[in-house]
Each structure stands twice: as structure tokens, then as C-alpha cells.
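S.K.:
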Amino acid sequence: MVRPTDSYTTEPHRVDPPTQGADFVVVANRLPVDRDTSADADPADGPVWRTSPGGLVTAVMPVMRAREGAWIGWAGTADELFDPFDLDDMHLVPVRLGTEDIHNYYEGFSNATLWPLCHDVIVAPEYHRTWWDSYVRVNHRFAARVALEAARGATVWVQDYQLFLVPQMLRAMRPDLRIGFFLHIPFPPWEIFSQLPWRSAILRGILGADLVGFQRPADAANFRRAVRIKLGMTTKDDVIRIPAVPGTDEDDPGTPIRYAVARHFPISIDTADLEAQAADPATIARAAQIREELGDPRILMLGVDRMDYTKGIRHRLKALEELLGDKRISNEDITFIQIATPSRERLDEYQQIRTDVELAVGRINGEYSSLDNQVVHYFHHSYPREEMTAFYLAADVMLVTALRDGMNLVAKEYVACRTNNDGVLVLSEFAGAADQLRQAVQVNPHDITGLKDAIQLATEMPLKEQRKRMKPMRAKLGHENVQAWSQEFLDALDTVADTQDELSERLHDRRG
Ligand code: ADQ
């Protein structure tokens, strides 16, 4: 029999719950740690681990600690399988990825197919069947590992686009589990998503979850529309009616039906922790020192991003360069720090963005820097959290100009650190954070003229106006923090699992 492209087969198998499993399991591509292979780590002591940076980790770590669960993910090195271990109140269970898996599943299908597809096809997604086959295999490996770790009836929270197929695979292995899925990146409109040769399989994979969370209402709406168009399922508001056996006639009264919910749960930050760090005298002193070392610029602007083509770093440098060229801002007044964390460096597109950024930085400095003031300071490495907080505290203006971004935690971190309610956030309307941070100076980063105006406005904004905007944003993040985010998601997951009858009524609108 010829197998259609848009499907896959894996060994179907039921797995018995372990006698001693975890009641709460997070499964993500990466464990929240990196292996420390530096010279001072003695191999005789076994592997040494340190906490790794990144949006997902920042967001889920506090939840893991509070619930004492297990975290299943890749340890970040090729071809090595480590035993499960405990660190900082978390039980960590490594999943092995071989060199080929990393090439095909991770760098390939995850980061060169799905990532650009979900970010407005800023660069062209590549579709390769070998990458897809590897994606299916690796998702199955993750699902099988969860099936062995999760206690009977446990809650499993699957994270992000690398694991789209895990919810459905896991449901087949362990129908007793409560499964939530959260997508950290945007879900594209059907007109773009429909390019994907494996679009039905991906939609069905996600729909194995009881609750599917997105960053923005538009992402959830895009997903529900794709489900209606491609899978022919019925939706009402955020409820989706799913025939339990794929391919069966939904209207056959004998077909078991289940209901899933797909809606937005905008992720946030550990606001109290950041505020406390920003109020620490050591951080305040470090922020003052940063400014002093830069020669006390009148305006210090900051950009903090992974080095990624979605972040709009080129656009902001272009706007800055033109503003300097037009003499609308003076090179005597302005210093711009761009921190760009190395990211996915083996992919061509990422080497290209790095080259472009570095050329632009060199050009601007060559043209506009003097012995007294280097206009752009560019750092291509990551910093400890305390140092990041000091940068946020030191900066008068924060530039977040993403061309498309699920949320953008940097924007929220900057706001949380502005304990004096001063400072200006320039924020792309294409970042999810724009839904919550309404008082930011919002921009369309493709519109360079508009971006220049926004940057100029930010550099000239009176203190009173700065405070008027910053205060409500800080207040909002005070309660819309990452703890509330996870609580809301997990409460909603319980509700979906516990109230299938009510959801059925909602969908058929029997109440009215
Ligand atoms: P990312 O694309 O990685 O996350 P972002 O939300 O900005 O983007 O998170 C980056 C995190 O890394 C922030 O906490 C930031 O402080 C930290 N960071 C960045 N550069 C750093 C550096 N040089 N040194 C130390 N720390 C650094 C993905 C999605 C986002 C979504 C998050 C969370 O792409 O849209 O907001 O997941 O859901």
C-alpha cells in the first residue's frame, strides 16, 4: 500500500504506568541545564551541569520547582546518554540525540522548516522528507520516555514546536494522562501553514493534547481555523470537537468524541525576582558603573536578543544609522549596546544574519564613533542574569523590533527592572508582548521611517511621559507573571479534562 505523504506510522504500543512515577512532567526539547565541559570540571566527578539561559527555561523553571516534577529533555550534547539526575529540586531525565538526529530533527525540521514557517516565512522554510522522518522518530522517542516516567493519571506539559507530535503519540501509549501543549512561537495563518507537506499530521499530533496554549489570540484562532479547514473538525469559541479515532465519521453517533480547548495563555516573567534583583544595591552600583565606563552617555539604548533573523536587529541598526546620518540624533549623545546571544550557528541563515549585523555595526562605528564615544557596543555572548539586570537598569531606551516573535520576554524583563518607572520601551507590534505592554512606543519594524520616528521620540521623551507609560506596564506585570501563567494553564488543563460534558454542551450550544 502506498502511504500518503501527510501521515506517519510508528509502532503502536500501550505502556503500563510505572509503579513510582512523577505526578507532573514537563517535556521540552532541552533540559534546563547545559553540561559544563570547562577545564576545571573533573571528569572523574561525572558530568557537571549548569543552568542554561533561554525563554522557555526562564518561564518554566519556577513551576518545576514548585511542583517537584520531572523534566524530560535533551542534554545538549550529541550521542551521549546520561542517567537521570536531580538538580535544584528538579528530577531531570535526559533523552539521547545522535549526530544525525541533531542534523535532521533539530537543526533541520525544527529550526529550518518549522521555525521560519511559524515566523512569517522571513526566510524560506526547507522541506525535506529525511528531516520529517527523523522528526517523527525523535518525537516518538520523547513520547516513549514520558510514558515510562509519568505516574498513572499524571499531568504532562509538552513544550513547543520541536515536539508537535508528542501529545498524540503519548495519548496512544498512555490514555490515562492529562496532556497539555504550549506553543512558545507564533502559529501561522492557514495560507502559510498549508505549505507544509505534513500539515495534517502536525495538526493531529497537537490535538492529542486536552489543552493547547498559544501566546496570542490570533495564534489560537489560526490553529482552530487550520483544524477546521484541513481536518474538517467543528469548533465553537475555543472548543474543538475531536473524533477519538482519526478518520472516522464525526457524525456517526457511535464514534467516541473528545473535546480539546485551544486558546491563548500569554507567557510572562518572574516579575518579583527581577524587581528584587533590580533593587539590589549591587545591581544599582553595577548599572551606574556600566554607564560610567561608557563615558556617561546622555542616552543609553539597549538591544538584547538571540542572534536570529526574526528579531529585527538589522532593521534597528538601519534606523539608527539613518538617524545619525540625518543628524536627528547626535553621535555625541547616543550610545547603543547590542547584546546578541549566539544561536543556531551551524545554519546558513544564522551565519548570514551575524555577518549582516557585524557589518552594520562596523559601518556605523566607522562612520560615527569618535575617541570619546563609540556609538555601538556589540557583544556576541551571553551574560549572567545579574549582569543582564544591570544592563536593563542602565538603559534609558530599550529596542525590541522583532519582525515576528511569539512573546519576547526581553521586553517584559526591561519593564520589570524599571523600578523608578522611568525608561522607554520601543516595542514591535509583531511581538506577542505588544498585547500586554500597550503603553510601549509600538512600531512596525518594516517601516523604517516609522521606526526612526519612534526611536527619536523615545530618546526625547520627557520623564513625566516616561513614568505615565511605564507605571501601568509595571503594575500589569506585577500580577501577570510567570507563576500566574503556569497556574492558569494548569488549572485550565484540569478543567478541560474534568468537564468534557460541559464542553460538549458548549460546542452544541445546548444551553441557549
Ligand atoms: P526566545 O526567542 O529565546 O524565546 P525571548 O522571549 O526574548 O526569546 O527570551 C530570551 C531569554 O534569554 C530572555 O529571558 C533573555 O533575558 C535571555 N537572554 C537573551 N540574551 C541573553 C544574553 N546575552 N545573556 C543572558 N541571557 C540572555 C522563545 C520565543 C519567544 C518567547 C519565549 C518564551 O521565541 O517569543 O517569548 O520563547 O515563550
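If you read the sequence shown in my numbering, its first letter stands for residue 492, the second for the next number, and so on. Where is the CB? At the ideal position from N, CA and C, for every residue including glycine.
For N899, is the beta carbon positioned less than 7 Å from some heavy atom of ligand 1?
M.R.: yes
S.K.: Just checking R797 against ligand 1 - is the residue's beta carbon closer than 7 Å to any of the ligand's heavy atoms?
M.R.: Yes - ligand 1 has a heavy atom lying nearer than 7 Å to the Cβ of R797.
S.K.: Is there at least one non-hydrogen atom of ligand 1 closer than 7 Å to the beta-carbon of Y874?
M.R.: yes
S.K.: Span of the alpha helix (DSSP H) holding A603?
M.R.: That residue, A603, is in no alpha helix (DSSP H); it is neither H nor E in DSSP.
S.K.: Pick helix, strand or coil for I760, following the three-state DSSP scheme.
M.R.: coil
S.K.: Check the DSSP bridge columns for A526 and list the partner residues they point to.
M.R.: One detail in the question is off: residue 526 reads as Arg in this sequence, not Ala. According to DSSP, which records beta bridges pairwise, R526 is partnered with W540.
S.K.: Any idea which residues DSSP pairs M792 with across the strands?
M.R.: F827, V888
S.K.: Put K727 into one of helix, strand or coil per three-state DSSP.
M.R.: strand
S.K.: Bridge partners for G704 per DSSP, in chain order?
M.R.: F673, R754
S.K.: Classify T646 as buried or exposed, calling it buried when 16 or more other Cβ atoms lie within 10 Å of its own Cβ.
M.R.: buried
S.K.: Might you give, ordered along the chain, the residues of its own chain that have their beta carbon closer than 6 Å to the beta carbon of T496, omitting 5 neighbours on each side?
M.R.: P688
S.K.: Applying the criterion that 16 or more other CB atoms from any shown protein chain within 10 Å of the CB defines a buried residue, is N911 buried or exposed?
M.R.: exposed
S.K.: By the three-class DSSP mapping on this structure, what secondary structure does I1026 have?
M.R.: Here the chain comprises residues numbered 492 to 1003, so residue 1026 is not present and cannot be evaluated.
S.K.: What runs of the beta strand (DSSP E), each 3 residues or longer, lie entirely inside the segment 648–672?
M.R.: If we require 3 residues or more, the segment 648–672 turns out to have no beta strand (DSSP E) run fully inside it.
S.K.: Give the DSSP-derived three-state secondary structure of G923 in the structure shown.
M.R.: helix
S.K.: Given this structure, state the Cα-to-Cα distance separating A770 from V867, to the nearest angstrom.
M.R.: 27 Å
S.K.: Is F684 helix, strand or coil when you go by DSSP?
M.R.: The answer is helix: DSSP assigns F684 an H, G or I state.
S.K.: Could you pull out every residue in the same chain whose Cβ sits closer than 8 Å to the Cβ of V516, ignoring the five residues on either side in sequence?
M.R.: G560, A561, W562, I563, V637, E640, A641, A645, T646, V647, W648
S.K.: Within the same chain, show all residues whose beta-carbon is closer than 7 Å to that of A810, passing over the 5 residues directly before and after it, in chain order.
M.R.: I939, L942, K943, I946
S.K.: Could you round the C-beta distance between I830 and D799 to whole angstroms and report it? I think they count as a contact, below 8 Å.
M.R.: Going by Cβ atoms, the distance from I830 to D799 rounds to 13 Å, so no, they are not a contact pair.
S.K.: Comparing alpha-carbon positions, which option in D527, H631, R716 lies nearest V518?
M.R.: H631
S.K.: With distances taken from CA atoms, which of G567, Y626, D533 is nearest S1004?
M.R.: Only positions 492 to 1003 of the chain appear in this structure, which leaves residue 1004 out of reach.
S.K.: Below 8 Å between beta carbons: does that hold for L608 and I683?
M.R.: yes
S.K.: At a cut-off of 7 Å, would you count G923 as near ligand 1, judging by its Cβ distance to the nearest heavy atom?
M.R.: True, at least one ligand heavy atom lies under 7 Å from that Cβ.
S.K.: Under three-state DSSP, which class holds F882?
M.R.: It is helical.
S.K.: Does the distance from the CB of T801 to the CB of H937 come in under 8 Å?
M.R.: no
S.K.: So for L588, helix, strand or coil by DSSP?
M.R.: Correct three-state label for L588: coil.
S.K.: In the structure shown, what three-state DSSP assignment does W622 receive?
M.R.: helix
S.K.: Go ahead and label Q768 buried or exposed: buried means 16 or more other beta carbons lie within 10 angstroms of its beta carbon, across all protein chains shown.
M.R.: buried
S.K.: Have a look at D824 and F870 and give me their C-alpha separation to the nearest angstrom.
M.R.: 21 Å
S.K.: Quick one: what's got a C-beta closer than 6 Å to P788's C-beta in the same chain, skipping five residues either side?
M.R.: T826
S.K.: Let me make sure I understand the geometry here. Which of L583, G599, H582, V584 has the alpha-carbon closest to that of T590?
M.R.: G599
S.K.: I need the boundaries of the beta strand (DSSP E) containing R521, first residue and last residue.
M.R.: 513–521
S.K.: Between L656, R669, R690, which lies nearest to P679 when the distance is taken from Cα to Cα?
M.R.: With distances taken between Cα atoms, P679 lies closest to R690.
S.K.: Taking 7 Å as the cut-off, is the beta-carbon of M961 closer than that to any non-hydrogen atom of ligand 1?
M.R.: Outside the cutoff, so no.
S.K.: Please return the same chain residues whose Cβ sits closer than 7 Å to the Cβ of L984, not counting the five positions on each side in sequence.
M.R.: T646, R669, G671, D701, L702
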